[in-house]
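Chains as they are written, first to last, in our numbering: chain A, 1 to 205; chain B, 206 to 410.
Quick reminder that beta carbons are idealized off the backbone N, C-alpha and C, glycines included.
Computed from a predicted model, the values in this text were never measured in an experiment.
There are 2 protein chains.
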Amino acid sequence: MSVSARTYRGVSAEERKAERREKLLAAGLEVLGTLGWERTTMTAVCAEARLTERYFYESFSGREELLVAVADQVAVEARAAVLAALRAAPAQPRAAAREAIAAFVGLFEADPRKGRVAILESAAAPPMRRRRQELLREFTRLIVDEGHALFGAAALPPPWDEINALLFAGGLAELVAAWLTGEIDATTEQIIDAAADQFAATAHR
Amino acid sequence: MSVSARTYRGVSAEERKAERREKLLAAGLEVLGTLGWERTTMTAVCAEARLTERYFYESFSGREELLVAVADQVAVEARAAVLAALRAAPAQPRAAAREAIAAFVGLFEADPRKGRVAILESAAAPPMRRRRQELLREFTRLIVDEGHALFGAAALPPPWDEINALLFAGGLAELVAAWLTGEIDATTEQIIDAAADQFAATAHR
DNA sequence: CGAATCTGACAGGACGGGCTGTCAACCTGG
DNA sequence: CCAGGTTGACAGCCCGTCCTGTCAGATTCG
């Protein structure tokens, strides 16, 4: 391991390490988002990143850790997009929900790899599934909170709020999955409208 | 290969082969439903079935084929349970939908392994995912058709019927998944009620 | 009984991915 | 410049799974 940690090609040891980590994350997104879980081996990721295995272990303990990190990165992005949309959204519940959903769907339309990672592949392997559950739960909470903020006293009480939030989140995930894989031929607008309707129909009494 | 095909221990060659196939399917359900996709190797399935690998290839070309067959078997069962419930159900849309959903959920409550296979594991590996898509599509169609039968002219027109059916099927799958894994603490009744409400709220205009 | 078939157990090769070590070439700082 | 950190390339081991082959013992039927 590095003991003196000097600069190389003008960048410090820390920066170089961070750069390599970034390259690995980008490569992970590329491979996982195009070839899928099965074919996302350390060998493939390292080849994509043009780094050797040694540098892989510098930042990650193994393949699982990298892939969880990739999925997390996408989840953080999705969360940020939704929150930003909500902050900028009008006060009407229906319109606000629509904006948030549009932001969520738009992220995956802009980069299908992220959609595949967040929705398709995150359901594949056990370690990512655990993560996916946590994320879904987080989104569920976000939905519940927004529901309460938007609908006030008309919002659903526990445990119905959480149950319906799961119902909504799962449905949206499945719908976006079908849309991403081209199984269903619907426009982005239709996806968003249907999800917004669904939310409006079930988020309050 | 067998050329003469004589009886052994009182059973014909065909019956023996069929028995072995059944044992493999049962072992596949057990291993896939308890240990999960990753750990469901041919070695593990053969050990569980107390058969050697040779007999594995007698009935299946490889591990994927067996696991798809296992998932199919569960899917057929689920489909039959839902259809039977619908045939025996009252004419009121709300009650009929509730019966069908209860039958679906009840199957997985009775045997959680089937739930794990149908909902958790079927999303894991690519070959099973393709199957899952087809099955979901089949259920979607079933839901669409039932929606039209139950609600008549009030049912949703394309493409909204399919979009909403996917939204519903995906949501129910996610909800049942959370319920199976104990992530959410809700009673069976609550799951069924919420799903029935959701269906009633979105299956017609 | 005896020949043919069936069965179960196991050995072992082929293959691929995870993981470590070596080595030459390169860059930096004294 | 040169001692020592840094990098990339690659060989090679370990391990688990897939898959095939062999063989002794059990069972059937002429």
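Proximal chain B residues relative to residue i, where beta-carbon distance stays under 7 Å
i               : result
A186 of chain A : P364 and I368
E65 of chain A  : Under the 7 Å cutoff, chain B gives no residues; its nearest Cβ is about 16 Å from E65 of chain A.
Q206 of chain A : Beyond the ends of chain A as shown, which are 1 and 205, falls residue 206 of chain A; an answer cannot be given.
Buried versus exposed call for residue i [16 or more other C-beta atoms within 10 Å across all chains shown]
i               : result
E220 of chain B : exposed
W22 of chain A  : The sequence shown places Glu at residue 22 of chain A, rather than the Trp named in the question. Classification for E22 of chain A: exposed.
V216 of chain B : exposed
T202 of chain A : buried
P295 of chain B : exposed
A53 of chain A  : With the sequence shown as reference, residue 53 of chain A is identified as Glu, and Ala is not the correct amino acid for it. So E53 of chain A counts as exposed.
T212 of chain B : exposed
R141 of chain A : exposed
A302 of chain B : buried
Within chain A, the residues that residue i reaches when beta carbons sit closer than 7 Å
i               : result
P331 of chain B : G36 and E38
A383 of chain B : L166
Q297 of chain B : Residues of chain A passing the Cβ test: none, with the nearest at roughly 20 Å.
Unbroken alpha helix (DSSP H) run spanning residue i, endpoints
i               : result
T7 of chain A   : Neither: T7 of chain A is in no alpha helix (DSSP H) and is coded neither H nor E.
W160 of chain A : W160 to L180
V322 of chain B : Element bounds for V322 of chain B: n/a, residue is neither H nor E.
F261 of chain B : E258 to S264
V285 of chain B : The amino acid at residue 285 of chain B is misidentified as Val; the sequence shows Ala. Segment R268 to A293, the alpha helix (DSSP H) holding A285 of chain B.
D398 of chain B : T393 to T407
T345 of chain B : P331 to F356
Residue i and residue j closer than 9 Å at C-beta
i               : j               : result
G28 of chain A  : F373 of chain B : no
A308 of chain B : A329 of chain B : no
L51 of chain A  : L32 of chain A  : no
V310 of chain B : I397 of chain B : yes
I101 of chain A : A165 of chain A : no
A315 of chain B : A280 of chain B : no
D277 of chain B : R225 of chain B : no
I389 of chain B : P159 of chain A : yes
T40 of chain A  : L67 of chain A  : yes
A274 of chain B : L325 of chain B : no
A5 of chain A   : A13 of chain A  : yes
T181 of chain A : Q297 of chain B : no
Interface residues of chain B facing residue i [CB-CB closer than 8 Å]
i               : result
E213 of chain A : In this structure chain A extends from 1 to 205, so residue 213 of chain A is not present and cannot be described.
A194 of chain A : W365, I368, N369 and L372
Residue i versus residue j: straight-line alpha-carbon distance, rounded
i               : j               : result
R129 of chain A : S122 of chain A : 6 Å
A95 of chain A  : F199 of chain A : 11 Å
A186 of chain A : L136 of chain A : 24 Å
R116 of chain A : L355 of chain B : 35 Å
A223 of chain A : T188 of chain A : The question about residue 223 of chain A has no answer here: the residues shown for chain A are numbered 1 through 205.
P331 of chain B : D402 of chain B : 33 Å
R87 of chain A  : F108 of chain A : 20 Å
E146 of chain A : L175 of chain A : 21 Å
C251 of chain B : V287 of chain B : 32 Å
H409 of chain B : E269 of chain B : 39 Å
R113 of chain A : R214 of chain B : 56 Å
I348 of chain B : A49 of chain A  : 45 Å
F261 of chain B : M247 of chain B : 8 Å
M1 of chain A   : E58 of chain A  : Per-residue confidence for M1 of chain A stands at a pLDDT of 46, beneath the threshold of 50, marking its modelled position as unreliable; the derived number appears in the next sentence. Cα to Cα, the separation comes out at about 9 Å.
D366 of chain B : G62 of chain A  : 44 Å
A231 of chain B : A285 of chain B : 19 Å
Q395 of chain B : E243 of chain B : 32 Å
A99 of chain A  : F265 of chain B : Reading the sequence as shown, one finds Glu at residue 99 of chain A and not Ala. Each residue's Cα considered, the two are about 49 Å apart.
Listed by chain order, chain A residues near residue i by CB distance under 8 Å
i               : result
A302 of chain B : Those do not exist, as A302 of chain B stays about 14 Å from chain A at its closest Cβ, beyond 8 Å.
E388 of chain B : Q133 and R137
A328 of chain B : A123 and A124
Neighbour list for residue i in chain B, Cβ cutoff strictly below 9 Å
i               : result
A201 of chain A : Q403, A406 and T407
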